[in-house]
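This report refers to the structure that appears directly beneath it.
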DNA sequence: GTCTATAGAAGGATAGAC
DNA sequence: GTCTATCCTTCTATAGAC
């Protein structure tokens, strides 16, 4: 049988290369070189370049969706839910740092799975916005524009993959705490 | 003489295409089709695909650098400087919405100009961090991790291009104000 | 499971007619 | 200034030997 770990190595290496120059600019020869093999040999483990993208993006996107569903269903306050979302991003980004690049930047190159991805993304953003709007309604959150709040938080969280590798010394819990403090409590000393 | 506006049209169209699928995935045939001409004809106005990327990225990067230098040299408080940075991003993003995509996502495909770009980027980030650190020292800003603050603000600001087009109804000043409020004062109702 | 060889499509860019 | 034709390179993927 084909070694699943070999296939996993290829996917992980692909994710790393996609992070460094994007899906379109990475060639199967690049990937083969990084794996110390020839391009043709890759096809003994995977069926296409597209399969690599699909595997990386859909897997992570589904992890986010599952995490968000749990947070939504919980009994937490809305502020606590936002903090849980921060922790979710930190956790998934720590686990799939390289894959996050493809999720953020290369999803538009999905073929068969594009629609599925977009559904997950829309569901995620709708839930996020919903929590913020409930938080404003319950007077936990200042009466600001909820879409700007979501945009601000979500773009910061989506970019964590670029920045967490440089901050290896912070553990996940400390980083989540710091991010929540800054994004939720603000930075001004009042 | 060659029409400069024709060349500008090509650059603008290229920026739009780069935004939608990234530099590497855009072909000269794509660009020609969008311009309603043939690929070969493009070369009467520009010398290469690389020139398009270079023109877009370096021009905007220099605009950011100049804006930051002015802010740094001003007599404002550090919080006021941060607000000026927010306004700078909103303003430049409004003017070069499509080009911002290449600046953020395709800079690594620069050839000759890569080093120059990286210098500008480092200078910009150093200034940004410097303002935050001075703000903490002067007790305008809470004693948080300055790099996390910069990361959080800068990634939000860098992603504005994705989101401003959907918010056409907000004018630049309102948007700057809202973003400053959220990022600086926080969202929690205390 | 990896290789060499190569098919077949698509890419950036040029030559030269109009 | 735009076109057709085409060069040459590089790409993804397959065939078939080992």
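Protein chains in written order, with the UniProt record's numbering: chain A, 1 to 190; chain B, 1 to 190. Virtual Cβ for every residue (Gly too), placed ideally from N, Cα, C. Source: prediction; values computed, not measured.
*Taking the C-alpha atoms as reference points, what is the distance between residue 53 of chain B and residue 39 of chain B?*
17 Å
_chain A residues whose Cβ lies nearer than 9 Å to that of residue 139 of chain B_ = 189
*Taking just the CA atoms, how far does residue 177 of chain B sit from residue 83 of chain A?*
24 Å
*Mind checking if residue 31 of chain B is an interface residue toward chain A, Cβ cutoff 8 Å exclusive?*
no
*Near residue 12 of chain A, what residues of its chain come up, given a Cβ to Cβ distance below 6 Å and the 5 sequence neighbours on each side ignored?*
none
*residue 30 of chain A to residue 8 of chain B, Cα distance in whole Å?*
35 Å
*Tell me, please, whether the stretch 123–137 of chain A touches the stretch 44–60 of chain B by the rule of three or more beta-carbon pairs shorter than 8 Å.*
no
_Between residue 163 of chain A and chain B, is the shortest Cβ-Cβ distance under 8 Å, so that the two count as touching?_
yes
*Can you name the residues of chain B whose CB is closer than 8 Å to the CB of residue 21 of chain A?*
24, 108, 109
*Below 8 Å CB to CB, which residues in the same chain sit around residue 88 of chain A once its five sequence neighbours on both sides are set aside?*
64, 67, 68, 71
*asked:* On a Cα-Cα basis, can you pick out the residue from B:113, B:163, B:37, B:6 that is closest to residue 19 of chain B?
replied: Ranking B:113, B:163, B:37, B:6 by Cα distance to residue 19 of chain B puts B:163 first.
*If you check the beta carbons only, do residue 77 of chain A and residue 4 of chain A fall under 8 Å apart?*
In this structure, residue 4 of chain A does not lie closer than 8 Å to residue 77 of chain A by Cβ.
*residue 85 of chain A (DSSP reduced to helix, strand or coil)*: Correct three-state label for residue 85 of chain A: helix.
*Report the three-state DSSP secondary structure of residue 141 of chain B (helix, strand or coil).*
strand
*Could you check where the alpha helix (DSSP H) with residue 30 of chain B kicks off and where it finishes?*
28–34
*Determine whether the Cβ of residue 1 of chain A lies closer than 8 Å to any Cβ atom of chain B.*
Bear in mind that a pLDDT of 49 at residue 1 of chain A, under 50, signals an unreliable position, so the model cannot answer this.
*Name the two residues that bound the continuous alpha helix (DSSP H) containing residue 147 of chain B.*
146–158
*Beta-carbon proximity check, residue 27 of chain B vs residue 156 of chain A, cutoff 8 Å*: No, these two residues do not count as a Cβ contact at 8 Å.
_Counting only Cβ pairs nearer than 7 Å, list the residues of chain A close to residue 159 of chain B._
155
*Would you say residue 182 of chain B and residue 152 of chain A are within 8 Å of each other, going by their C-beta atoms?*
yes
*Just mark residue 81 of chain B as buried or exposed, buried being the case when its beta carbon has 16 or more other beta carbons within 10 Å.*
buried
*Could you tell me whether any Cβ in chain B is nearer than 8 Å to the Cβ of residue 142 of chain A?*
yes
*Coarse secondary structure for residue 79 of chain A, derived from DSSP in three states*: helix
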